[in-house]
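Novice: A single structure is presented below for examination.
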Amino acid sequence: MARARWGLLLLLVWASAAAAQTWPNEPGGATVISDHAFNTALGDGFNVETGVPIVSDATAPLSPPNVLRFTYPIGFPSGSGPGTVSYEGLNLKDLYLGFWWKPSDPWQGQSSGVNKILFISTYAGGSLIPILCGPNGGPYHLCMAPEWKDTWTWLSRNVSDPEVTLGAWHRIEVLAIRSTTTTSADGVVKWWLDGTLVGNHTDVNFDNYATQNWYMVKFNPTWGGGVGEFKTETDYFSFDHVRISSPNAAPSPTVAITGPTTAATYSTNATPLTLSGTASSGTTSVTWANSAGGSGTATGTTAWSIPSIALTAGTNVVTVTAHTASTTGTATLTVSYGSGGGDTTPPTAAITAPSSSATYATTATTITVSGTAADDVGVASVTWASDRGGSGTASGTTSWSVTGVPLLIGPNIVTVTAHDAAGNTGTAVITITRTQASGHSTIIR
Ligand SMILES: [Ca+2]
Ligand SMILES: [Ca+2]
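Just so you know, we're using this note's numbering here: the sequence shown kicks off at 1 and counts up by one.
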């Protein structure tokens with residue numbers, strides 16, 4: 001019994017360790033941005049590809065059999081790579097990159113000792129470059145070089161210096177955290193070969209592009225640090241699998257619609273609709289979609305605008321989405337637009353004469369009633385009616401009047417109604433009590 005429980009426990013520990021060892025140096029709790037098996041060149045956020053086939057390689061260690069294979073044919077010139085596969089649109093201060101890679105055996109080394117594997121690049125184009133380094137014929141090692149706007153440096157292999165075996169698969173891991181400023185000396189670059197820490201630097205200044213976040217991981221293995229040489233054999237770089245994650249991925253962005261309204265709903269007679277608003281920093285793009293049809297990309301990011309959204313009759317729910325590399329945030333505006341003009345807001349009416357009070361008393365037999373009206377789109381007309389008889393249309397709209405409203409003895413309830421073009425109405429009421437004139441007798445028939 002006890003032995004069986006120990007066996008189960010050991011099995012669980014083994015399974016957990018096996019999962020953790022897939023990418024053993026990925027920071028705990030990292031947000032996965034992409035985990036791509038290279039069953040296809042593109043997918044999982046990889047969105048640029050030129051000239052790199054997917055081939056079958058049964059020795060692929062993590063996600064066999066498909067791998068991405070860069071082929072350097074005989075005559076291939078130094079200073080370029082055979083093709084490109086890249087993930088563009090990252091927006092990360094902290095980046096973890098893991099990938100499985102195999103250089104061919106033999107491998108013709110470039111005379112500069114530089115055989116670039118890939119590029120981890122900022123928005124402005126500064127790169128951190130893992131490199132198969134060493135003289136032609138070896139021994140080869142895994143080097144790391146930051147190449148900023150104008151400068152190239154090597155980061156020393158200050159922990160260990162394992163040799164790269166040609167023709168074998170290697171798991172390379174990189175942790176890159178950009179420095180706060182160009183002089184803060186708090187940038188981090190660590191890299192591992194097959195789980196062994198090679199370099200550990202925690203005082204890196206990211207130079208010209210220090211304020212730039214990581215933007216791109218570009219598989220574009222460029223042969224050599226110089227030009228003028230040519231391959232005399234056919235060589236390969238193969239990639240089985242890649243993982244991009246971030247220990248501190250950007251939080252979900254916030255987005256707000258500020259124009260034409262900050263309210264949740266809006267009515268309009270006009271199409272197309274123009275929207276504008278804001279989004280939080282870190283936003284890399286803003287897109288929109290209308291529930292009634294249509295979608296697109298806004299102009300701008302932290303301050304954005306959408307010049308033309310075609311509306312259809314009825315309800316149009318417009319959703320605006322802000323994007324970072326790994327997260328999104330949304331805001332919506334419900335727009336009413338329809339055959340009645342889309343105007344659902346009623347006008348208002350107010351009586352100012354003979355009194356702005358609800359009641360008025362007079363001995364007169366007729367009276368002039370006047371006032372104001374207002375509407376979000378426009379007052380089309382103002383009508384009136386008395387419960388003692390009589391009705392009609394007032395003269396004027398936002399400022400209106402009715403002359404000769406007849407009054408009978410006792411209360412006369414006069415209702416004034418303002419109308420907009422969509423058929424919405426708003427009313428005002430006054431009760432005018434006609435009293436008998438003093439000093440006269442009144443014959444009640
Ligand atoms: Ca694979
Ligand atoms: Ca209205």
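In this text, a Cβ means the ideal position worked out from N, Cα and C, and glycines have one as well.
A quick note: this is a predicted structure, and the numbers were derived from the prediction, not measured.
#1: Any idea what DSSP makes of Asp375, helix, strand or coil?
#2: Would Trp101 and Ile172 be called neighbours here (beta carbons separated by less than 7 angstroms)?
#3: Quick one: what's got a C-beta closer than 6 angstroms to Glu49's C-beta in the same chain, skipping five residues either side?
#4: Measuring only the C-alpha atoms, how far is His170 from Asp194?
#5: Any heavy atom of ligand 1 within a distance shorter than 6 angstroms of the CB on Val67?
#6: Among Gly259, Thr183, Val32, which one has its Cα closest to the Cα of Ile306?
#7: Where Val242 and Pro103 are concerned, what is the direct C-alpha to C-alpha distance, given to the nearest angstrom?
#8: Does DSSP put Asp420 in a helix, in a strand, or in coil?
#9: Below 7 angstroms between beta carbons: does that hold for Gly228 and Gln110?
#10: Consult DSSP for Asp35 and reduce its assignment to one of helix, strand or coil.
#11: Name the two residues that bound the continuous beta strand (DSSP E) containing Trp100.
#12: Considering only the beta carbon of each residue, do Asn290 and Asn316 sit closer than 7 angstroms?
#13: Out of Thr431, Lys149, Ala421, which one is the CA nearest neighbour of Trp384?
#14: List the endpoints of the continuous beta strand (DSSP E) containing Arg171.
#15: Ile490 bridges to which residues according to DSSP?
#16: Excluding sequence positions up to five away, which residues of its chain have a Cβ less than 6 angstroms from the Cβ of Asn412?
#17: Roughly how many angstroms separate the alpha carbons of Thr427 and Ala350, rounded to a whole number?
#18: Please state whether DSSP places Asp57 in a helix, a strand or coil.
#19: Express the C-alpha separation of Ile131 and Phe76 in angstroms, rounding to a whole number.
#20: If you draw a straight line from the alpha carbon of Thr425 to that of Trp400, how long is it in whole angstroms?
#21: Tell me which residues pass a beta-carbon proximity test against ligand 2: closer than 7 angstroms to any heavy atom, given in chain order.
#22: Any heavy atom of ligand 1 closer than 6 angstroms to the beta-carbon of Phe99?
#23: Since Asn39 contacts Asn66 with CB under 8 angstroms, what's their CB separation in whole angstroms?
#24: Please state the DSSP three-state secondary structure of Asp207.
#25: Out of curiosity, what's the CA-to-CA distance linking Thr368 and Thr254?
#26: Any heavy atom of ligand 1 inside 6 angstroms of the beta-carbon of Ser63?
#27: Residue range of the beta strand (DSSP E) that Leu273 falls in?
#28: Please report the straight-line C-alpha distance between Tyr72 and Phe239, rounded to a whole angstrom.
#29: Who are the near neighbours of Trp358 in its chain, counting only those whose CB is closer than 8 angstroms to its CB and skipping five residues on each side?
#30: Is the segment 191-205 close to the segment 110-122, with three or more CB pairs under 8 angstroms?
#31: Rounded to a whole number of angstroms, what is the C-alpha to C-alpha distance between His36 and Pro346?
#32: Kindly indicate which three-state DSSP category Leu319 falls into: helix, strand or coil?
#33: CB-CB under 7 angstroms to Gly410, same chain, minus the five flanking residues each way: which ones, in chain order?
#34: Taking the beta strand (DSSP E) that Arg388 falls in, what are its first and last residues?
#35: Measuring only the C-alpha atoms, how far is Ser356 from Ser395?
#36: Answer yes or no: the CB of Asp447 versus the heavy atoms of ligand 1, is any distance below 6 angstroms?
Specialist: Let me lay it out:
#1: coil
#2: yes
#3: Ala41, Leu42, Val85
#4: 6 angstroms
#5: yes
#6: Gly259
#7: 16 angstroms
#8: strand
#9: no
#10: strand
#11: 94-103
#12: yes
#13: Thr431
#14: 170-177
#15: Any answer about residue 490 is impossible in this case: the structure gives the chain only from 1 up to 445.
#16: Ser386, Arg388, Ile432
#17: 8 angstroms
#18: coil
#19: 19 angstroms
#20: 15 angstroms
#21: Asp343, Thr345, Pro346, Pro347, Asp375, Asp376, Val377, Asp420, Ala422, Asn424
#22: no
#23: 5 angstroms
#24: helix
#25: 56 angstroms
#26: yes
#27: 273-279
#28: 14 angstroms
#29: Before going on, a small fix: residue 358 reads as Ala here, not Trp. Cβ within range, chain order: Val429, Ile430, Thr431.
#30: no
#31: 56 angstroms
#32: The sequence given here has Thr at residue 319, not Leu. If DSSP states are grouped into helix, strand and coil, Thr319 belongs with the strands.
#33: Thr433, Arg434
#34: Looking at the DSSP string, Arg388 is not in any beta strand (DSSP E), and its letter there is neither H nor E.
#35: 19 angstroms
#36: Nothing can be reported for residue 447, as the shown portion of the chain is limited to 1 through 445.
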